[in-house]
Amino acid sequence: MSDYLVIVESPAKAKTIERYLGKKYTVKASMGHVRDLPKSQMAVDAENNYKPKYITIRGKGSILKELKSSAKKAKKVYLAADPDREGEAIAWHLAYALNIDENSDCRVVFNEITKDAIKESFKHPRSINMDLVDAQQARRILDRLVGYNISPILWKKVKKGLSAGRVQSVALKMIIERENEIKNFKPEEYWSITANFEKDKEVFEGTFYGVNGKKTKLNTEEDVKKILNQLTKQFTVDKVNKRERRRNPAKAFTTSSLQQEAARKLNFRAKKTMMVAQQLYEGIDLGKKAGGITGLITYMRTDSTRISDVAKNETAEYIKEKFGTSFLGTNRKKTQQKGAQDAHEAIRPTSIRRDPASLKSILSRDQYRLYKLIWERFLASLMAPAVMDTMTVHLMNNDVEFRATGSKIKFQGFMKVYIEGNDDNKKVENKLLPDLEKDMVIDAKDITPNQHFTQPPPRYTEARLVKTMEEKGIGRPSTYAPTLDTIQRRGYVTIDQKRFIPTELGTIVVDLLKEFFPEIIDVDFTVKMENDLDSIEEGKNNWVEIIDDFYQDFEKRLDVAEKEMEKIEIKDEPAGIDCEKCGHEMVYKMGRYGKFIACSNFPDCRNTKPILKKIGVTCPKCKKGDVVERRSKKRRLFYGCDQYPECDFVSWDKPISRPCPKCESLLVEKRTKKETRIQCTECEYKENTQA
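According to my numbering, the sequence shown holds residues 364 to 1054 in order.
Take a look at the structure:
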């Protein structure tokens, strides 16, 4: 038997660490928590300082037995769970189960699974940090008190299987409020005027700014006509402003920014991002020559953008070698998000010299794409700012002012490697205006008025919702992914074109919470509670006092809700067709992936059908059916004939209603990140390419 036993959470992590530590160490996995609150009962004694009742998790008995046996034979046991609240709690539960003194030097933490980091961490073991443990316990107990008290009331009054949570309910409320904003939005008319100017056969665009030096709004067509009546074709250059603008790179990833960017650029859900990041953190087998199983990124649950000096120095050398000294960034001060715990570094590669191209054949497609995103973002964060030449031209015509702007990249800097995404898909412009000087006379080729209407705020995407939750201080890095997953699984929201839409059920639940438990869905209250829970971690507050302060009022509200909340019956909406199996009426039901059609005679008849959305195209194969939207098992959108299985026509690309003008074959809409184009499925015909 080895001299030392090391316990981590996962087998992948265990293999990696065991190889680094050598023969004297045996590394085993606890497979996460070994003890927890039982699912079948509240297990929190509110009459006895909220004492939790922990049990061995079902299925973990054999693992715990093996760990106890190994611990008895070892000279010393090290607990090396993840370096966060949850990891500290796992270590504490293991210490209890294995009879290890929590005050002894039994705890080892590391931010990255590399040989140097692992060996260094074992030189500095510490005792279990009870402030971290109490912070985890407080969150767990508070969530249990909220969820296990409100959920049964919702089950009785609304529908079985519902739940309410401290963070999920606030997130759901935000989605519903945004939907109400959209419904109540009244579009307002406004106009713009654009002009195409020509100078030495070079055409550039300008837009109306104002009159007599003042910015002027164009609210109606009459406003536009007044301006157009003042204009001639000749404009005079009144002013030319040229300046150099520097654009700094985005900081290295935090948990939140990683989830947002992976959603924008990779189309990853938050849950998937964290799952793949966990794999990269715990270790990938790179082969014997490359060092075997190796952790490729640092710990992925962090709200810090701090970077270690070792990583900075290695990356600085890499930048100088690959791009030259001019591309090396200066040491910009990395300001932290307000309230950031700064317990770990930012998410970064464990070595910048493991470039994505060298790992492409080893990593899965998802692992490669996420690693490439993390690697490029981190590298760019330490590179020099991009330098842009910008130019603004003021053009006058009978006291009417138009303005034209242009910019050109003078020095790429970090943009040579990576440009941060955004929710509005805005692109970096890279076109300067022609050389223009004051008093030049420029001809307008055409002047065009354009009518517009104000648009409602967009529905939340996962990326936008995570960003908003972080800005408001709702939840913490580890909670975003499970929160978004829960509100979808409960049927409180559906997703259409990557955006959240609240369901009737979700709206009913939030309305009830507003009436009977207003503090649970109050943003300010939730933020204060998050800060109070963080103060436990910092050793500033007692966890029992924080929970008691909340529970005293909450308990009274529970009694009121139990007595006064009226029972709500959610009636199934008729689908307008009868079941072909039993003849009963078919109705709309809400499932995990949104609405579907089911027989009203359930459970005697279990006939179900998907809701098929027609796209206005007749099936090109059978010429009888309609082409409809369908979803694959992995929820990917495709198109097929509604006469399936009689007709097996399918297409990943959206069919177009008109035939190819060249060969009369099917036209489809091809979409990529860069463009949308229409092309023929048989010949080389293409059209309508859009940037």
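Even for Gly, the Cβ is constructed at its ideal location relative to N, Cα and C.
By the 16-neighbour rule on beta-carbons within 10 angstroms, Ser-770 is buried. Inter-residue distance for Lys-1049 and Lys-984 is about 22 angstroms (C-alpha atoms, whole angstroms). For Gly-769, the pairing in a beta bridge is given by DSSP as Met-754. Linking Asp-447 to Ser-526 through their CA atoms gives a straight-line distance of about 27 angstroms. Residue environment for Ile-883: buried (at least 16 other C-beta atoms within 10 angstroms of its C-beta). Thr-579 has its alpha-carbon roughly 14 angstroms from the corresponding atom of Leu-591. Straight across, the Cα-Cα distance linking Leu-875 with Arg-839 is about 25 angstroms.
For Tyr-644, the enclosing alpha helix (DSSP H) stretches over residues 633-645. Shown here, Lys-564 sits in coil according to DSSP, grouped into three states, outside any helix or strand. Looking at the backbone, the Cα of Leu-896 and that of Ala-501 are separated by about 7 angstroms. Minimum Cα-Cα distance from Arg-711 among the listed residues Gly-687, Leu-736, Ser-721 corresponds to Leu-736. Within the stretch 495-563, the runs of alpha helix (DSSP H) that reach at least 4 residues and sit entirely inside it are, in chain order, 531-547.
By the C-beta density criterion, Asn-904 is buried, having at least 16 other C-beta atoms within 10 angstroms.
Rounded to whole angstroms, the separation of the alpha carbons of Met-751 and Leu-758 is 23 angstroms. Rounded to whole angstroms, Tyr-511 and Val-991 show a C-alpha spacing of 42 angstroms.
With fewer than 16 other beta carbons inside 10 angstroms of its own, Tyr-459 counts as exposed. Within the stretch 421-498, the complete beta strand (DSSP E) segments of 3 residues or longer fall at 439-442, listed in chain order. In the three-state reduction of the DSSP assignment, Val-907 falls in the helix class, which pools H, G and I. The criterion of a C-beta distance shorter than 8 angstroms is satisfied by Leu-1029 and Thr-1044. Counting other Cβ atoms within 10 Å of its Cβ, Pro-865 reaches 16 or more and is therefore classed as buried. Going by C-alpha positions, Val-872 is about 21 angstroms away from Phe-959.
Here DSSP, grouped into helix, strand and coil, assigns Glu-932 to coil.
In this structure, the beta-carbon distance from Ile-491 to Ala-443 does not fall below 8 angstroms. One Cα belongs to Glu-867, the other to Asp-494, and the distance between them is close to 42 angstroms. Boundaries of the alpha helix (DSSP H) harbouring Tyr-383: 374-384, taken from the DSSP string. Ranked by Cα distance from Lys-614, the options Glu-783, Asn-543, Ile-453 are led by Glu-783. By the CB criterion at 8 angstroms, Gly-646 and Ile-660 fall outside the cutoff. The alpha-carbon separation between Ser-619 and Tyr-662 amounts to approximately 13 angstroms. If only uninterrupted beta strand (DSSP E) runs of at least 3 residues are considered, those enclosed by the stretch 940-976 are 948-954, 957-962. Going by beta carbons, Arg-716 and Tyr-781 fall outside the 8 angstroms limit. If you draw a 10 Å sphere on the C-beta of Ser-744, you find 16 or more other C-beta atoms in it, and that means buried. Counted as a single uninterrupted DSSP element, the stretch harbouring Ile-715 is not any beta strand (DSSP E), since DSSP gives it neither H nor E. Annotation: the continuous beta strand (DSSP E) that includes Asp-989 extends over 989-994. Taking a cut-off of 8 angstroms on C-beta distances, the stretch 826-837 does not touch the stretch 570-585, as fewer than three cross pairs fall below it. When only Cα atoms are considered, Ala-924 and Tyr-914 end up about 15 angstroms apart.
Sequence-distant partners of Met-928 (beyond 5 residues in either direction) whose C-beta falls short of 7 angstroms from its own C-beta, in its chain, are Ile-516, Lys-520, Leu-875, Phe-879.
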